[in-house]
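Residue numbers (our numbering), protein chains in the order written: chain F, 50 to 162; chain C, 38 to 147.
Accompanying notes for the structure given below.
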């Protein structure tokens, strides 16, 4: 069974640009979560989507946004990039509210210059 | 606010030297306590989910236990390939997000 996939693997942008990151969950999983892992800060919760709707968001500014498509894949958009946005962005999926365990993808390394 | 604290921050062991990693949590209405392993530059790999105090789970050289305030990850006779960062996370109440600790960097020397 295929795991969570993310694209691209690496992304290099300059300050002020926009970045789009993509995630495909495990087949049958309806919930998608996004986390940011910046150096020295640990994993920080960004967003949770379930059945196409945003269910919860972490303490991040509105320029971090996303959506979930009918096939349950998800997109994270980061507008007006700042240097501090450089981090590993991780996507996880679960069987929705029926299961708590989240399975993570390999991540997208975003570098803002 | 949910909090998860892991100790020690780093642990260096000789191959075969057993030890334990600690995870203290403050979560309202614990839904689950999770352990992950993360190798450098990669996504976390799921290890265990624990739901209630007294629960234990094992996988190869790893054993996770849970009390009302802490979880322990016991590593028996570790091998160099067990070297990684071990992450503890918790979810509580109606909030399905995971609150992570900062991890324990384990190094096992041959």
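The beta-carbon is built from N, C-alpha and C at its ideal position, and this holds for glycine as well.
Less than 7 Å divides the Cβ of residue 91 of chain F from the Cβ of residue 137 of chain C. Under the DSSP assignment, residue 85 of chain F falls in the beta strand (DSSP E) whose first and last residues are 80-87. Shown here for residue 85 of chain F: same chain residues with a beta carbon closer than 7 Å to its own, the five before and five after excluded, namely 93, 95, 136, 138 in chain order.
The beta carbon of residue 114 of chain C sits closer than 7 Å to the beta carbons of 53, 55, 98 from its chain, once the five residues preceding and following it are set aside; these are given in chain order. The closest CA to that of residue 157 of chain F, considering only F:101, F:98, F:121, F:141, is found on F:141. Among the residues facing chain C, residue 153 of chain F is included, as its CB has a counterpart in that chain under 7 Å away. Taking a beta-carbon distance threshold of 7 Å, residue 81 of chain C counts as an interface residue toward chain F. Assigned with DSSP and collapsed to three states, residue 90 of chain F falls in coil, not helix or strand. Residue 143 of chain C: member of the beta strand (DSSP E) spanning 141-146, first to last residue. Boundaries of the beta strand (DSSP E) harbouring residue 47 of chain C: 47-51, taken from the DSSP string. Across the structure, residue 61 of chain F and residue 130 of chain F are spaced so that their CA atoms are roughly 11 Å apart. Against chain C, the CB of residue 105 of chain F has a partner CB under 7 Å away; the residue lies at that interface.
Assigned with DSSP and collapsed to three states, residue 154 of chain F falls in coil, not helix or strand.
Proximity of residue 94 of chain F to chain C, defined by a Cβ-Cβ separation below 7 Å, is satisfied. For the stretch 129-147 of chain C, the residues whose beta carbon sits under 8 Å from a beta carbon of chain F are, in order, 132, 133, 134, 135, 136, 137, 138, 139, 140. As DSSP reads the structure, residue 143 of chain F sits in a beta bridge with F:80. For residue 107 of chain F, the CB contacts under 8 Å within the same chain, skipping 5 residues up- and downstream, are 93, 94, 95, 96 in chain order. At a cut-off of 7 Å between beta-carbon atoms, residue 86 of chain C makes contact with chain F.
Shown here, residue 133 of chain F sits in a helix according to DSSP, grouped into three states.
Cβ contact annotation for residue 40 of chain C (same chain, cutoff 6 Å, sequence separation greater than five): 63, in chain order.
In the displayed model, residue 76 of chain C falls within coil according to three-state DSSP, outside both helix and strand.
Between the alpha carbons of residue 43 of chain C and residue 74 of chain C lies a gap of roughly 13 Å. DSSP places residue 58 of chain F in no beta strand (DSSP E); its state is neither H nor E.
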